Amino acid sequence: MDSKSKSFSKKLYACWHPVGYSQEIKADKPFGTILLDEPVVIWRTSDGTPYAMRDLCIHRGTALSLGWVENDCLVCPYHAWQYNNKGACVLIPQAKKIEIPSKAKTPRYHCQEKFGIIWVALEDPEFDLPVIPEFENTNWKLVNTGPFNWKCDSSRQVENFTDFGHFPWVHPGLLGDPKRPEVPECKVTTKGSVLHYSIVRPEAKNSNDFPIFANDNVVKPERKSVYELHLPYTIVLRLGWGGNKGMVYFFTSQPISKNACRGFCIIGRNYNFNEPDTILQEFEKVIFDQDKRIVESQRPIQVPFDLSEELHLKFDAVALNYRRAMKKNELYE
Ligand code: FES
Ligand SMILES: [Fe+2]
């Protein structure tokens, strides 16, 4: 990427970011999105491999995502120039006999498909994606929820996912109990680009509408949550209630722009296989909508990485450590 167009920290371009669920990127239809203010087109060759390129035709600046796929090439919708999977223009139908100018290309980005999500890195990626053995195990069933489009920076969406103190107030009766609002202390260990921490905290009983957690027949249920926060915007959360039943929440946020992000949340569990996926999907829609209203109101729109700018108490240890680690890894200017 040319440096003049950069408005985020340099390192952020060298991270894997989610850009869509696998099902959103169809075999025959290019998919346009924005990543860190950069227009990106994702498309698949006939063997299903996804590719990511700048969503801009060098000829007249048209969005390639409006085009189509033919001969394992991405075809511009305006004059049908064809780009191969390296981003090189290989056919100009208006002048088949001329030599194709070397300038006729569009930048190609790193692209991979993992956990049923397409990931893009605009520059050589520095951190690996997490390893989640449960997601490879057939005793676990996965449900995709969202995506959740919020008008805020990804840092705010991620921090909200890590925040314990709001559960009884923003999600009363679903994730927390206002009669038990205390947050236990939580020790955070940072190893490289990953924060590790865990907490046992009060939980609301399952509601009749959403019988999704394995806390049945308990008067004051508690859940154990074990977190890995992978910088910059990915969280692996393992939930347990003391028995063999468990859940894994995989949450990751696409930084679209400074005031827009898109969250993907995959939920795996080793129980309740017969429950329709829609129960979890509707539950998460309710939860994320409750959060969205609050988070979109936060100012500044991006988490302030200067620690003196907001007021941190002891139970905010995760946010403090997240902000420190993001700064240390130069993921913010
Ligand atoms: S604008 Fe793309 S081929 Fe002309
Ligand atoms: Fe929340």
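Sequential numbering from 5 applies to the sequence shown in the working numbering. Beta carbons are placed, not taken as given, at the ideal position from N, Cα and C, and that holds for glycine. Quick caveat, the model's predicted, so the values are computed rather than measured.
Inter-residue spacing [alpha-carbon to alpha-carbon] between residue i and residue j
i	j	result
Val147	Glu138	13 angstroms
Lys332	Val94	43 angstroms
Tyr82	Glu127	28 angstroms
Glu28	Asn210	32 angstroms
Ser11	Glu313	22 angstroms
Tyr275	Arg227	16 angstroms
Glu117	Gly169	34 angstroms
Val174	Asn153	19 angstroms
Ile96	Pro34	19 angstroms
Ile271	Ser106	46 angstroms
Tyr336	Val222	44 angstroms
Asn248	Leu311	40 angstroms
Arg327	Val79	43 angstroms
Pro54	Arg64	25 angstroms
Lys191	Ala321	7 angstroms
Arg242	Leu233	12 angstroms
Val44	Lys109	14 angstroms
Residue i: CB within 7 angstroms of a non-hydrogen atom of ligand 2
i	result
Val94	no
Ile216	no
Asp181	no
Leu239	Checking the sequence, you will find Ile at residue 239 rather than Leu. No, the beta carbon of Ile239 sits no closer than 7 angstroms to any heavy atom of ligand 2.
Val44	no
Ligand 1 heavy atom lying under 7 angstroms from the CB of residue i
i	result
Ala125	no
Tyr231	no
Ala56	no
Thr66	yes
Trp154	no
Trp85	yes
His234	no
Cys80	yes
Cys61	yes
Residue environment, residue i, which counts as buried when at least 16 other CB atoms sit within 10 Å
i	result
Thr238	buried
Ser7	The pLDDT assigned to Ser7 is 48, lower than 50, so where the model puts this residue is not dependable; a value taken from the coordinates is nonetheless given after this. So Ser7 counts as exposed.
Ile102	exposed
Asp157	buried
Ser13	buried
Ala99	exposed
Ser50	exposed
Gly91	buried
Asp32	exposed
Met330	buried
Val204	exposed
Glu163	buried
Phe277	exposed
Gly24	buried
Any non-hydrogen atom of ligand 4 closer than 7 angstroms to residue i Cβ
i	result
Ile271	This structure lacks ligand 4; its bound ligands are ligand 1 and ligand 2.
- Every unbroken alpha helix (DSSP H) inside the region 272 to 335 [4 residues or more]: 281 to 299, 321 to 332
- Item | 4-residue-minimum alpha helix (DSSP H) runs that sit fully inside the region 150 to 224, ordered along the chain | 158 to 166, 171 to 174
- List in chain order: all unbroken beta strand (DSSP E) runs of 3+ residues lying wholly within the region 29 to 53. 35 to 39, 42 to 48
- Mind pulling the beta strand (DSSP E) runs of 3 or more residues that sit fully within the region 223 to 258? 226 to 234, 238 to 244
- Query: Do the region 249 to 258 and the region 190 to 204 meet, that is, are 3 or more Cβ pairs less than 8 angstroms apart?
  - Reply: no
- Evaluate the contact criterion for the region 52 to 72 versus the region 284 to 302: three or more CB pairs, one atom per stretch, below 8 angstroms. no
- What are the start and end residues of each continuous beta strand (DSSP E) run of 3 or more residues lying completely inside the region 75 to 113, in chain order? 77 to 79, 93 to 95
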